[in-house]
Every structure is written in C-alpha cells, then in structure tokens.
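One rule links them: number in this note's numbering = place in the sequence shown (from 1) + 167. Yeah, the Cβ is synthetic: ideal placement off N, Cα and C, and Gly gets one too.
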Amino acid sequence: MSILKLLHPRVLAAIKAASPAAAEIPYVASCEFTTGKSGFGDIQVKGILSAAKRLKLNPQELAAQVTENLDLEGIGRATVDGPGFINIHLTGTWVGERIGRVFFGEEKARLGADEVKSRVVVDYSSPNLAKEMHVGHLRSTIIGDALVRTLEFVGADVVRQNHVGDWGTQFGMLIAHVSDQTDVNLDELTDLEQLYVQSKVRFDEDKEFADRAREYVVRLQSGEPEIIQKWKQILDVSLRHAQRIYDTLGVLLTPKDVCGESFYNDDLPNVVTELDKAGILVVDQGAKVVYTPAFQKDFGKGKPIFMVQKDGDGFGYAATDLAGIRHRLGTLKAQRVLYVVDKRQALHFRQLFDVAKRGHFYTDQDLFHVTFGTMQGKDKKPFKTRSGGTVKLAELIHSAQQRAFELAKEKNEKRKPEDRFTDAQLKEIGDAVGVGAIKYADLSKHRDKDYVFDLESMLQFEGNTAPYLMYAYTRARSVARNAETLDGVQNGLDSIKLDFDHPAEHTLGVTLLQFPDELSTVIATACPHHLCGYLYKVAQAYTRFYEACPVLKSEEEVKRKRLKLCAATAHMLKTGLGLLGIRVLEVM
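Have a look at this one:
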C-alpha cells in the first residue's frame, strides 16, 4: 500500500479536528516525500501554509494543532518546522516492517502498488509499411512499451495494438508500379522501399499512371486475388522487418498485435450513419464532414472541419480512427485507450475525441493522447544522417550496441586476467547496455519535450543513465553473491526482521517504499520519466548506503539485515528497469 495513501486520511482527520474549515480546502492534506533532505523528515504535509493564509490563521499555530491531533502511533512522529511545515519522521522499525511485507511478504507481487482492474488498449509504434523503421518510430515504440509493462504489472488487462496504414492509394501506386517491372524482389524491404519511392515519383508526375494506381486501389478493395497476393506480400516483408526491430529492442509487440486500417473497412459506412443520426454530419463541397467550432482558432480563417468521407466516396483516416474507437470501446470493452502518437498530431486527436463524444461513440471512458516530442541531433534539429537523410532505426541500435561493446572491452582490459570477460560476454554486455541506454535516455525525459540524442552521454556510468542504474543492480547482486560464497549467509533472509538505525539505511529503506506512489503517478499521467527519476533516487540512495554501511564486514546480525536491504534494492532496480523494458545483467 502507498505510504502517502496510508497517511492521507490520518492527516485529513487531524486537520479537521484542528480546523473544520481548513479540512474543506482542496489538497490541504497532500503530502510529499522529503527523505534525504536535511531537516525535513521523511514526509512533509504541504497544504497547511496556504490553508492558514486563506483562512487568516496563524500557520504555526494551525500546524501545531494538526500535529497534536495527528495519530501516528506505531508509524512515526510529527514535528512543526519553519513557518508552518509539518514533517513526519517514520520509525526505523516501521520502515523495516514495511520493507519485509513489500519485498519479502504478502505484497511482493506488485511491491505494494495498488491493483488496477480495468481493460486498457494501448495504440503504439505504428511503423510505415513498405519502408524501414526510422528514428521517428522509436519514441512511440518504447514509450508505449513502458506503459504496457507498467499497466500489466499492476494487473490491468492490456490490449496492445500496433495500428498500421495497410490500405489506400499508396498501395495502389506501389502495386501498379511493381506490376510494370519484369524483375522485382518483394522479399527484401530495401528493394521494396526503393520501389515505393519510384512509384511515388511516377504518381506525382504521370497522370496516366496515377489514374491506373487508383484503379489498382479499386481492384484491391474488390479482393482481386492477384492484387491481394502482392498486397499481402508487401505487408509480410514490412512487418517481418518491424518484428526484428521489436525483438532487438526487447519490445513486447508481436504479429498478433498488428491491427491495420483495413480491419475497420466494413464499419466505415456505419460510422457515417451514426454521425448522421447524431445530427452532426454535414456535406461541404461534396465531402461529408463534422464541424468542430471549439477548435476554430487552430484553423485561422479556415473552416474547422473534421473530414470523414471525401468527395467520391473515399473514406479518410478520420473515419478509420472513429471506427477504431467504436471497436475498442464497443467490442473490446476498454475503459481506457492510450494513443502514443507524436504531439504534432494533437489537433487531430482533440477533434477525434470531440467528434466521437458528440457522435455518442463513448461516454465516460478515458481516451488519452499520449503526446511526445522529437529526437534531435546535437544541432537541435531533427536527428538526421550527415547527408541529411533519415536515420534507420536498425542502424541506430547497432551503433549504440557497438559503442557499448567497445567501452566494455576497454574496461575489460583493465581487469585482472582471471576476471576478464569473454568476447561472448562482452557482446552480451554491449547489446544490453546499448539498447538500455537508448531506451533510458528517451524515457528519462518528459515525453512532451524534444531531446538531443547524444550517444556518448547516454553510455556514461555516472549520472542519470541506464549504465549507472544497471551497474547499481549488478553491485547490489554482487554483495549477495559474495556473502553466499563466504558463508552462505543468504539462507534464511526472509525471516530476518528489519529495523534501521543508520541514516543511510533509513533513507534507502524509505526510498524503496516510495515505489507505489511513483507508479501511481506514471499510470495517471502516462509519463515514464517519473519512474526513471525514482530509480535514479534508489540507485543514489544505495550508493550512499554502500559507501557508509559495511555489509560483509559487519557483525552477523547487522550483516544479515544489510544483506536483506541489498536484496530489496536489487529487486527494486530489476523490477523498475524491467518496467522500462531494460534488461539487467548479473555481471558487467
């Protein structure tokens, strides 16, 4: 259970006893962790000062009255500091008991986090077909994967969906162009991508070819076997490439998670019918649209339209997205749908949700656009190759893994000969650290922000990086291994009762117990950077503990307690990094 949730009703009851009027003020009982900050205790009550100011009360007197009424028996004690802050100091015994329950007892499955009993659809990755995945697909893929893992960890029924554009004019022009070639290879994506570029040039410059491409779209829609076969071949080679990228990144997406636009084709006429029934569909210059006046300022002097069906009966992707909402909420029975898509699509999703609401496609379910910024080069411009081309995702991953391998090899040469890793071990380290560094550098930033891709910085073993956290895990595990080697002291750790006397022990223990609150924030905001920041705090607290508190050289009882704290830390780091999709190593 969350410590802050445990304390909130106690704090609110104490405020109500001191001042019923103050208890009515929103967020008056809100608390935050202040562990490790000198003179602040472990938790601070934040709302007393503002409540006193609003009610024209003396903040120190109000804080003193609240403290007097605050029931913390068996948990800790409260003090009033400064102009009216209430600081809560948790006892080492209570913290130790909570560590035992959360990491070794009945709350171990979710490490104290609350269970989430709902069905959530997460729409993410969405690679372009007939093209290699590039860096523009990275953020949606790994942010979505982290959210999926986090939601599954707390018990949510998660439906992963990889929405791909597998229909429309681009396939007509590609198949038409392929049909004109005498010697083509549709089994290699690089060849397919070149064919796509060629077909686009012809489509833009040759009216006769453009008309024929549209005919191929009609033949595709009518299910002509020869056309369907080529279409499926294009999809297959594209998705096999994407799956190789997912496997390398350690992303959970599989072929069965792919849901193309074609899946919704049969429902598109129903979308139009339902919008018409709702009285919001209008015809504008032959097209069927919905006006969205709430977004007029985004259109300037233009009409704030949401295109549903183009003139000539062609459906737009807006209709497909509306059909997607109907399927996800109606058929899949989702209570929440997360769309992990570039923030540049924000207007489309605001209109989509508005039209879906007005069209009675949903009521109280949560549709949430998980926005994100762009990856930039060191020049603060969109990340490109030196020649200005798009950076292929496979090449980016390989370069990170190769550089991580080189750094691991350099460190390996400084080891004693008997302690050196084999080439196979170095490759495993390079692969894991390279991928982990890419993921963590992205996930540790607020998803809405643009960020600079700097491979050397993200591979550093100092600071808020994946290698630093991965090494903290390895170090915590090595203490346990050394203890086992020395005297088998690991046996029976579950039965050891913890209480913390040393400040570094206490700080680490309280930091470990903050996990449920941090996870709740990640789930509510769909922002994985909160988890990254928390894991960095854990690693820092462990480093201070490791430096201040001898483990293996302590007397037997202290040794066992500290080994148990090391085990809890290792478990937390492995679990937390796992939620980010980052694999830890036992040695590195």
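Would you kindly work out how many angstroms separate the C-alpha atoms of residue 294 and residue 431, rounded to a whole number?
18 Å
Could you check which residue in 266, 268, 259, 184 has the C-alpha nearest to that of residue 230?
Looking at the Cα atoms, 184 is the closest of the given residues.
Under three-state DSSP, which class holds residue 257?
strand
Run through the segment 475-538 for me and flag every whole beta strand (DSSP E) of 3 or more residues, listed as ranges in chain order.
The segment 475-538 contains these whole beta strand (DSSP E) runs: 503-507, 533-537.
Spell out a yes or no on whether the segment 680-698 and the segment 302-317 are touching, meaning 3 or more CB-CB pairs, one atom from each, closer than 8 Å.
yes
Skipping 5 residues on each side, what residues in its chain have a beta carbon closer than 8 Å to that of residue 447?
For residue 447, the CB contacts under 8 Å within the same chain, skipping 5 residues up- and downstream, are 457, 458, 522, 525, 526 in chain order.
Look at the Cβ atom of residue 243, then the Cβ atom of residue 708, and state whether they are nearer than 9 Å.
In this structure, residue 243 lies away from residue 708, with their beta-carbon atoms at least 9 Å apart.
Pop quiz: residue 221 and residue 255 are said to be a contact at Cβ under 8 Å. What is the actual Cβ separation, rounded to whole angstroms?
Not quite, the Cβ-Cβ distance comes to about 23 Å (not below 8 Å), so this is no contact.
Taking just the CA atoms, how far does residue 408 sit from residue 208?
The straight-line gap from Cα to Cα measures roughly 53 Å.
Give the C-beta separation of residue 278 and residue 677 to the nearest angstrom, bearing in mind that I take them to be a contact with Cβ-Cβ under 8 Å.
Not really, about 14 Å apart at Cβ, beyond 8 Å.
Quick one: what does DSSP say residue 199 is sitting in, helix, strand or coil?
The answer is strand: DSSP assigns residue 199 an E or B state.
The alpha helix (DSSP H) that contains residue 291, what's its start and end?
Looking at the DSSP string, residue 291 is not in any alpha helix (DSSP H), and its letter there is neither H nor E.
Quick check on residue 472: does DSSP put it in helix, strand or coil?
strand
Note down, one range per segment and in chain order, each alpha helix (DSSP H) of at least 4 residues found wholly within the segment 169-256.
170-185, 187-190, 215-222, 226-236
Please state the DSSP three-state secondary structure of residue 448.
strand
According to the Cβ coordinates, are residue 505 and residue 535 closer than 9 Å?
yes
Can residue 409 be considered in contact with the ligand PLP, in the sense that its beta carbon sits closer than 8 Å to one or more heavy atoms?
Annotation note on the ligand PLP: not contained in the displayed structure, which lists no ligands.
So who's on the other strand from residue 454, going by DSSP bridges?
451
Assign residue 466 to one of two classes, buried (16 or more other C-beta atoms within 10 Å of its C-beta) or exposed (fewer than that).
Exposed, because fewer than 16 other Cβ atoms sit within 10 Å of the Cβ of residue 466.
Express the C-alpha separation of residue 301 and residue 733 in angstroms, rounding to a whole number.
40 Å
CB-CB under 7 Å to residue 520, same chain, minus the five flanking residues each way: which ones, in chain order?
534
Go through the segment 264-336 residue by residue and report every complete run of the alpha helix (DSSP H) that reaches 4 residues or more, in order.
305-320
Buried or exposed: residue 754, going by 16 or more other Cβ atoms within 10 Å of its Cβ?
exposed
Closest by CA to residue 225, which one among 617, 249, 245?
249
Cα separation between residue 368 and residue 329?
28 Å
Spatial neighbours of residue 493 within its chain, please: CB distance less than 6 Å, with the 5 preceding and 5 following residues excluded, ordered by chain position.
528
Are the CB atoms of residue 400 and residue 354 within a distance shorter than 9 Å?
Yes. Within cutoff.
Just to confirm, are residue 618 and residue 636 a CB contact at a threshold of 9 Å?
The answer is no: Cβ separation not under 9 Å.
Return the CA-CA distance between residue 289 and residue 477, expressed in angstroms with no decimal places.
29 Å
Residue 582 to residue 712, Cα distance in whole Å?
25 Å
Helix, strand or coil for residue 543 per DSSP?
strand
What number of angstroms, rounded off, separates the C-alpha of residue 721 from the C-alpha of residue 217?
47 Å
Identify every residue that forms a DSSP beta bridge with residue 618.
542
Rounding to the nearest angstrom, what Cα-Cα distance links residue 735 and residue 717 in this structure?
Our two residues, residue 735 and residue 717, have alpha carbons roughly 17 Å apart in a direct line.
Short check: CB of residue 339 to CB of residue 383, under 9 Å?
yes
Do residue 455 and residue 442 have their C-beta atoms closer together than 9 Å?
Pairing residue 455 with residue 442 gives a Cβ-Cβ distance under 9 Å.
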